[in-house]
Amino acid sequence: AQSVAQPEDQVNVAEGNPLTVKCTYSVSGNPYLFWYVQYPNRGLQFLLKYITGDNLVKGSYGFEAEFNKSQTSFHLKKPSALVSDSALYFCAVREPLTGGFKTIFGAGTRLFVKA
Amino acid sequence: DGGITQSPKYLFRKEGQNVTLSCEQNLNHDAMYWYRQDPGQGLRLIYYSQIVNDFQKGDIAEGYSVSREKKESFPLTVTSAQKNPTAFYLCASSSGLAENNEQFFGPGTRLTVL
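Protein chains in written order, with this note's numbering: chain A, 1 to 115; chain B, 1 to 114.
Written as structure tokens, this is what we have:
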């Protein structure tokens with residue numbers, strides 16, 4: 001079965017500094033990888049996805065993620081963090097099921113950006 | 001939260017009662033999903049539906065039921081058989097079950113059993 005791991009429960013960064021939220025995955029075939037963000041008491045919002053092609057994927061709000069096949073990682077990055085980036089971030093992988101695919105979510109990483 | 005609405009935002013239930021959570025979408029999406037979110041556990045899939053009048057159990061379907069009589073609607077009933085129903089429930093939709101389809105989420109319903 002496919003799985004995704006987010007090794008850090010929490011990441012702290014100062015405003016203006018670069019941020020990285022880590023994600024590693026385990027798949028039996030080609031990976032389809034996603035990042036979502038959740039603000040307090042809200043649903044998840046899609047940030048970006050990797051399906052195929054360029055290893056560096058750009059998404060919403062200045063976020064990007066780098067797909068690294070040899071390290072089976074898909075880390076989320078942003079060059080300069082904002083206080084408003086503070087939220088819960090989920091990495092996800094698509095797993096085949098009958099007739100389609102389902103999404104497996106990591107446990108989430110809480111990002112705190114301090115002013 | 002896109003074109004997905006969930007109601008109510010907060011719901012309180014006494015033990016032994018069934019409750020129904022509403023989910024409506026105006027995105028014309030075929031696929032809809034229900035997830036349960038507990039602290040530190042990510043999201044777990046309860047039920048999903050690929051098309052009207054069809055739905056499938058997810059990883060934690062016991063104690064829950066759904067219907068999909070209309071494309072726009074996918075209500076979730078939490079029955080008295082669900083042993084630990086207090087959680088945050090999220091509804092989502094996507095244009096299909098293809099591998100490259102991201103999901104769109106509603107704002108969630110927080111259910112508390114008293």
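Don't be surprised by glycine CBs; every beta carbon is placed ideally from N, CA and C.
field: Within chain A, the residues that residue 106(B) reaches when beta carbons sit closer than 9 Å
entry: As a working note, residue 106(B) is residue 106 in the second sequence. In chain order: 43.
message: Taking DSSP's pairing of strands, which residues face residue 56(B) in a bridge?
response: Locating residue 56(B) in the second sequence gives position 56, where the first residue counts as 1. Answer by DSSP bridge pairing, in chain order: 48(B).
query: Between the Cα of residue 177(B) and the Cα atoms of 57(B), 100(B), 53(B) and 26(B), which residue gives the shortest distance?
result: One cannot answer for residue 177(B) here, as it falls past the ends of chain B, which runs 1 to 114.
task: With 9 Å as the limit, tell me which residues of the region 79-113 of chain A have their beta carbon closer than that to any beta carbon of chain B; keep them in chain order.
output: Residues passing the 9 Å Cβ filter: 90, 92, 94, 96, 97, 98, 99, 100, 101, 102, 103, 104, 105, 106, 107 and 108.
task: Figure out for me which residue from 18(A), 10(A) and 107(A) has the closest Cα to the Cα of residue 44(B).
output: As a position in the second sequence, residue 44(B) is number 44, starting the count at 1. Comparing Cα positions, the closest option is 107(A).
message: To the nearest angstrom, how far is the alpha carbon of residue 37(A) from that of residue 114(B)?
response: Numbered from its first residue, the first sequence carries residue 37(A) at position 37. Numbered from its first residue, the second sequence carries residue 114(B) at position 114. Looking at the two C-alpha atoms, the distance is approximately 30 Å.
message: Beta carbons nearer than 7 Å to chain A: which residues of the region 16-41 of chain B have them?
response: Hits within the stretch, in order: 40 and 41.
- prompt: From which residue to which residue does the beta strand (DSSP E) around residue 42(A) run?
  reply: Along the first sequence, one-based indexing puts residue 42(A) at 42. Neither: residue 42(A) is in no beta strand (DSSP E) and is coded neither H nor E.
message: Helix, strand or coil, according to DSSP, for residue 25(A) in the structure here?
response: As a first step, residue 25(A) is located in the first sequence; it is residue number 25 there, counting from the start. Residue state, collapsed to three classes: strand.
Distance between residue 12(A) and residue 6(A) (C-alpha atoms, nearest Å): Stepping through the first sequence from its first residue, residue 6(A) is reached at position 6. Stepping through the first sequence from its first residue, residue 12(A) is reached at position 12. Those two C-alpha atoms are separated by around 15 Å.
- request: Could you tell me whether any Cβ in chain A is nearer than 9 Å to the Cβ of residue 58(B)?
  value: Locating residue 58(B) in the second sequence gives position 58, where the first residue counts as 1. Yes, contact with chain A.
message: Could you check if residue 93(B) belongs to the surroundings of the ligand ZN, using beta carbon to heavy atom distance under 8 Å?
response: The ligand ZN is not among the ligands present in this structure, which contains no ligands whatsoever.
query: Relative to the C-alpha of residue 79(A), which residue among 14(A), 4(A) and 2(A) is closest?
result: Looking up residue 79(A) in the first sequence gives position 79. Considering only alpha carbons, the answer is 14(A).
- prompt: Where in the region 59-102 of chain A do unbroken runs of the beta strand (DSSP E), each at least 3 residues long, occur, reported from the N-terminal end onward?
  reply: 64-68, 73-78 and 87-97
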